[in-house]
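What follows is a set of notes on a single structure, which appears directly below.
In structure tokens, the structure reads:
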């Protein structure tokens, strides 16, 4: 499949982003809603992207201290050499097409000035993240589900 165009998030994208987030995370009790998503995106627009029109996938990332992670529904960022990937979501009909991998690759490419990227891998996603070069780190996430893992990738 040819690579899709990765682009910055626009105001028109937020409704679809909120739909994707709700469908993916509400069954897990982890949905944050549109206003929180927009607030996350506003923290670091240069590290938040979408693919597709309508949006088929998105990534939200912001600076946050290594070994720590922001609380769900409480958008915050901090000056740091660590870029925290808060959310990557792909529409069900576009999964297994390479869009998630493409967004991670794009985020990695634009992460100049950062030493690493961290994230919390939800249950069942560790193999995807491992394939993208992420490995376990000592932090233990609270509030993201019993099998969530804090992962990191050195840049």
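In my numbering, the protein residues as written are 2 to 156.
Here a beta-carbon is modelled for each residue, glycine too, at the ideal position from N, C-alpha and C.
Contact check for residue 89 against residue 73 fails: the beta carbons are separated by 8 Å or more. Under DSSP, residue 50 forms a beta bridge with 9 and 60.
The criterion of a C-beta distance shorter than 8 Å is not satisfied by residue 38 and residue 27. Look at residue 128 here: in three-state DSSP terms it is helix.
For residue 153, the CB contacts under 6 Å within the same chain, skipping 5 residues up- and downstream, are 117, 119 and 138 in chain order. The alpha-carbon separation between residue 83 and residue 55 amounts to approximately 30 Å. Shown here, residue 101 sits in a helix according to DSSP, grouped into three states.
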